[in-house]
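Number of protein chains: 2
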Amino acid sequence: MSTQSRQETADAPHWSAYGPLDLHPILVHTMEAFNEHGYHGTSVRDIAGRVGVTVPALYYHYENKQALLATLLETSMKDVLDRCRAAAAEAGDEPLPRFCAMVESIVLYMANRKGLAFLDTEIRSLEPGNRARYVALRDYLEHMLLDTVEAGIARGVFTTPIPADAVRAVLIMCQGVANWYRADGPLTAAQIAERHVLLSLGTVGHPGAVDGLAGIPSRRRTAPPRQRPNPEGRP
Amino acid sequence: MSTQSRQETADAPHWSAYGPLDLHPILVHTMEAFNEHGYHGTSVRDIAGRVGVTVPALYYHYENKQALLATLLETSMKDVLDRCRAAAAEAGDEPLPRFCAMVESIVLYMANRKGLAFLDTEIRSLEPGNRARYVALRDYLEHMLLDTVEAGIARGVFTTPIPADAVRAVLIMCQGVANWYRADGPLTAAQIAERHVLLSLGTVGHPGAVDGLAGIPSRRRTAPPRQRPNPEGRP
DNA sequence: AGGGATCGACTGAACGGTCGATAAGCGGGA
DNA sequence: TCCCGCTTATCGACCGTTCAGTCGATCCCT
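Protein sequence lines, in the order shown, are assigned to chains A and B.
Reading the first sequence from the start, the letters are residues 1 to 235 in full-length UniProt numbering.
Reading the second sequence from the start, the letters are residues 1 to 235 in full-length UniProt numbering.
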């Protein structure tokens, strides 16, 4: 309670650091149920059963079933957005490393928070108001990335003639990681993130990308010490 | 019997030709309902209402609700697979044009058959047996594309060091077209397909891709003079 | 040509069960 | 005493599915 939560309020943890999921037990079990059967395929009785309480207990904490989904999706989107912003800030204004950091942060989220990221498939079940707020956050993320790519094009470091399409494609393939990633798979989240940085560079037309990882500046090429990385540089 | 059904069996229409959706009215309305509310969010009463019949009429034609979804998904997957195979066959064995044709055919399907392609998000609601058959078809498509990319790598026309990841990313971003494409949007399906060929080439590391469309051999760069047209072509 | 039998396509009514949600009450800590 | 967190009991609506029957078209047998 002392060392971990100390950083959470005053000083957010590094964008690449992932501790255990810190979420209300109700939300955790709701997330799992929604991921297994979808929003409409999950009953509030099923959720209550997983949590180990009765149905009205859920309604004491959350207004209704829809609020559970909205809370989960908004929490998730804000988290990935914050991490991506932090990654961009840390990388600076140079478009190439900035783009790489943003993609890396997004893919890391999709893998390390797969349970939350996968819920993205349930936006259709959001009521209009909730969906509008969620989409606005997602659009903001897309614009952030697009600005970086266009800056890179102006500097000649990216060459795609269709930056908007490229950015959308990049985000879709990052989001796709949440669909197929398995924690017990052959690759770590960090490795997958690194690979997707390479793939994304190809998609936006970075001339060095066709040579593999050769021409790409990176902070660390191999796996970092996984446990408790302390924030470096500027917070 | 008729001239139409003769072509369907003996001589399939060209892989890039899309007439009006030829599907049982029950399936059409089921598709629309599933796309609006998802499988579990759609009631058979809703489907029956859209079709304009009573509920038991549905059960006369299809065993149950699950069979409706399974039929739709399998029909869709087989169609895109057939079209992709036809595109590959027409393009020949040279990896570069073969890859381009395959991606183009897939994206064309995602746009022109968006309603069916979008149902892909409902695979979770398939019972295990149905899902296994669907996934097998999708895996086959992925292997077809992977073989082509690896052949291209052997020939030096693609340079990605991670062909399996690249192919998965390409397919995901093609599938993603079904999520955002709008028939009344600024781009035609053919234009979107062309752009995604370029994006895909970047993703698999084709050296010419960073120069835009310059280095890519194409059958037709601009507006489609569709040869071999059923008068049912594009408006 | 006429009369039954058969068939495909469909309807009306209803089955048992589950859904999301709520009212009212209860125990225990401050 | 009061409120927080939860319970038991229950609401009406809706769920997927089925049964028995209807109705017109087509077929076979005379």
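Ideal Cβ positions, reconstructed from N, Cα and C, are used throughout, including at glycine.
Chain B contact for L69/A (CB, 9 Å cutoff) | So no, L69/A is outside the interface.
Sequence ranges, beta strand (DSSP E) only - wholly within the region 55-119 of chain A, length at least 3 = Listed in chain order, nothing qualifies, since the region 55-119 of chain A has no complete beta strand (DSSP E) run of 3 or more residues.
Under 9 Å by beta carbon: chain A residues contacting H40/B = In chain order: H37, G38, Y39, H40, G41 and T42.
Taking one C-beta from the region 71-79 of chain B and one from the region 16-36 of chain B each time, how about it: are there three or more such pairs within less than 8 Å?
-> Short answer: they touch.
Within this structure, are the beta carbons of H160/B and G202/A separated by less than 9 Å?
-> Residue 160/B is actually Thr in this sequence, not His. Yes. Within cutoff.
CB contact flag (R124/A, H196/B, <9 Å) | No, the Cβ-Cβ distance between R124/A and H196/B is not below 9 Å.
Those runs of the alpha helix (DSSP H) which lie wholly inside the region 149-184 of chain A and span at least 4 residues | You should have 163-180.
Is the Cβ of M173/A closer than 9 Å to any Cβ of chain B?
-> In terms of beta-carbon proximity, M173/A lines the interface with chain B, with at least one pair separated by less than 9 Å.
Min CB distance H29/A to chain B below 9 Å = No, no contact with chain B.
Please determine, among L126/A, M77/A, D120/A and V80/A, the residue with the shortest C-alpha to C-alpha distance to A67/A.
-> If we check each option's Cα against that of A67/A, L126/A comes out closest.
Could you tell me whether any Cβ in chain B is nearer than 9 Å to the Cβ of L137/A?
-> No, L137/A does not count as interfacial toward chain B.
Taking just the CA atoms, how far does L21/A sit from R113/A?
-> In this structure, the straight-line span from the alpha carbon of R113/A to that of L21/A is close to 8 Å.
Under 9 Å between the Cβ atoms of R83/A and W15/A?
-> Yes, they are a contact pair.
Can you tell me whether S43/B is buried or exposed, with buried defined as 16 or more other CB within 10 angstroms of its CB?
-> Result: exposed.
Roughly how many angstroms lie between the CA atoms of P13/B and G19/B, to the nearest whole one?
-> Taking the straight line from one Cα to the other gives about 9 Å.
Report yes or no: is there a C-beta of chain B within less than 9 Å of the C-beta of A166/A?
-> Yes - at least one Cβ of chain B is within 9 Å of the one on A166/A.
Opening and closing residue of the alpha helix (DSSP H) in which S200/B lies | From DSSP, the alpha helix (DSSP H) with S200/B extends over A189 to T203.
Which of the three DSSP states, helix, strand or coil, is assigned to A214/A?
-> Note on A214/A: pLDDT 46, under 50, position unreliable in the model; the coordinate value appears next. In this structure, A214/A counts as coil in the three-state DSSP scheme.
Which residues of chain B have a Cβ atom closer than 7 Å to the Cβ of T121/A, listed in chain order?
-> By Cβ distance, chain B contributes T121.
With DSSP collapsed to three states, give me the class of G208/A.
-> Annotated three-state conformation of G208/A is helix, per DSSP.
8 Å Cβ shell around L23/A - same chain, five flanking residues per side excluded = Hits under 8 Å: M31 and T75.
Simplified DSSP state of E122/A, which is helix, strand or coil = The answer is helix: DSSP assigns E122/A an H, G or I state.
Report buried or exposed for P163/A, applying the criterion of at least 16 other Cβ atoms within 10 angstroms of its Cβ.
-> The residue in question, P163/A, is buried, as its Cβ has 16 or more Cβ neighbours within 10 Å.
Please list the partners that L199/A has in chain B, where partner means a Cβ-to-Cβ separation under 7 Å.
-> Residues of chain B passing the Cβ test: D165, A166, A169 and T203.
Going straight from the alpha carbon of F34/B to that of D93/A, what length do you get?
-> Those two C-alpha atoms are separated by around 44 Å.
Count the other C-beta atoms from every protein chain shown that fall within 10 angstroms of the C-beta of Y109/A, then say buried if there are 16 or more, exposed otherwise.
-> When all chains shown are included, Y109/A counts as buried.
For A17/A, which three-state DSSP category applies?
-> DSSP, reduced to helix, strand and coil, places A17/A outside both helices and strands of the structure shown, so it counts as coil.
Reduced DSSP secondary structure (H/G/I, E/B, other) of P186/B | P186/B: coil per DSSP, three-state reduction.
Taking DSSP as the reference, what is the three-state secondary structure of T30/A?
-> It is helical.
For A189/A, which residues of its own chain have a beta-carbon under 7 Å away from its beta-carbon, when the five flanking residues on both sides are left out?
-> Cβ within range, chain order: L108, A111 and N112.
Is H143/A helix, strand or coil by DSSP?
-> Secondary structure at H143/A: helix, using DSSP grouped into helix, strand and coil.
Determine the chain A residues that contact I162/B at a beta-carbon separation under 8 Å, and present them in chain order.
-> Residues of chain A with a Cβ closer than 8 Å to the Cβ of I162/B are, in chain order, R195, L198 and L199.
What residue does the alpha helix (DSSP H) around G49/A start on, and which one ends it?
-> For G49/A, the enclosing alpha helix (DSSP H) starts and ends at V44 to V51.
Does the count of Cβ pairs from the region 136-151 of chain B and the region 165-177 of chain B closer than 8 Å reach three?
-> Three or more beta-carbon pairs drawn from the region 136-151 of chain B and the region 165-177 of chain B are found closer than 8 Å, and the two stretches are therefore classed as touching.
Skipping 5 residues on each side, what residues in its chain have a beta carbon closer than 6 Å to that of A178/B?
-> Counting only Cβ-Cβ distances below 6 Å, and skipping sequence neighbours, we find M110, K114, A117 and F118.
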